[in-house]
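S.K.: Before I ask anything, let me first share the structure, which is written out below as structure tokens.
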Amino acid sequence: MAGETFEALDNFLDDYLELPVKGRDGQTRVYRIEDPSAEDGIRIERITSLAARLAAGGKRPDAPVLDDEEELDLYRACLGTEYEPLKRELSWSVFKHVSLTVMFWVTTDRETAAEFWQTGQQPGKAQNRAARRAQAKPGTSGSAAESTTRSPASTSGTRAGSRRRGNRGRSQA
Numbered sequence: 313m314a315g316e317t318f319e320a321l322d323n324f325l326d327d328y329l330e331l332p333v334k335g336r337d338g339q340t341r342v343y344r345i346e347d348p349s350a351e352d353g354i355r356i357e358r359i360t361s362l363a364a365r366l367a368a369g370g371k372r373p374d375a376p377v378l379d380d381e382e383e384l385d386l387y388r389a390c391l392g393t394e395y396e397p398l399k400r401e402l403s404w405s406v407f408k409h410v411s412l413t414v415m416f417w418v419t420t421d422r423e424t425a426a427e428f429w430q431t432g433q434q435p436g437k438a439q440n441r442a443a444r445r446a447q448a449k450p451g452t453s454g455s456a457a458e459s460t461t462r463s464p465a466s467t468s469g470t471r472a473g474s475r476r477r478g479n480r481g482r483s484q485a
């Protein structure tokens, strides 16, 4: 490995994240969030690591991990100079979504942040059952009650009171 040369860091690290966000006035603006300072990055990592350890324990903490002021301070560290304009121009839910997207970018990578940005789901977390069903059958709502095809009547001569079984693995003619 002697004589190994390294490429300049700025050739492959992301220095900023640009997020298009619709404000309360209905206008969409692109906010450029710069990579935080080393001090802020360390603080963000420490806070999120604590939260991850608590979550890995499998039970909810007895008290909030962050109080309101600490939560806003985390968002301030993530958003840098865009913190005040975003706080002023966005609703709480949009502000929080932007902040968490940036937090995922700072603590992991651009792909993880993009996943959160698009889904609102914690990256790697399983979707709820309704979302999985909707994705399983594109073009359908997943509800059997909405099907327009009627099930065929039974002609097998079984008792009328017996429970009807599904057609598992059998084709219908």
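Numbering follows our numbering, with no gaps: position 70 of the sequence shown is 382. For each residue, glycine too, the CB sits at the ideal point set by N, CA and C.
Figure out for me which residue from E319, E330 and E316 has the closest Cα to the Cα of W417.
M.R.: Of E319, E330 and E316, the residue nearest in Cα terms is E330.
S.K.: As a quick exercise: from R344, D326 and E319, pick the residue whose alpha carbon is nearest that of Y395.
M.R.: Among R344, D326 and E319, the Cα nearest to that of Y395 belongs to R344.
S.K.: Name the two residues that bound the continuous beta strand (DSSP E) containing T317.
M.R.: First-last for T317: undefined, no H or E at that position.
S.K.: So, at 7 Å on beta carbons, what are the nonlocal neighbours of A389 in its own chain, with the 5 sequence-adjacent residues on each side left out?
M.R.: Cβ within range, chain order: P348, D352, R355 and I356.
S.K.: Between the alpha carbons of S405 and K334, how many angstroms are there, rounded?
M.R.: Their Cα atoms are separated by approximately 12 Å.
S.K.: Who are the near neighbours of L386 in its chain, counting only those whose CB is closer than 6 Å to its CB and skipping five residues on each side?
M.R.: Cβ within range, chain order: I359.
S.K.: So, are the CB atoms of P435 and T424 less than 7 Å apart?
M.R.: Going by C-beta atoms, P435 is nearer than 7 Å to T424.
S.K.: Whole alpha helix (DSSP H) runs in the segment 341-366 with 4 or more residues, listed along the chain?
M.R.: Qualifying alpha helix (DSSP H) stretches: none in this window.
S.K.: Among all the DSSP beta bridges, which residues are the ones paired with E330?
M.R.: E330 pairs with R344.
S.K.: Distance check for E381 and Q430, CA to CA, integer angstroms please.
M.R.: Going by the C-alpha atoms only, they are around 27 Å apart.
S.K.: In whole angstroms, what is the alpha-carbon distance linking T317 and R400?
M.R.: Straight-line Cα distance between these residues: approximately 46 Å.
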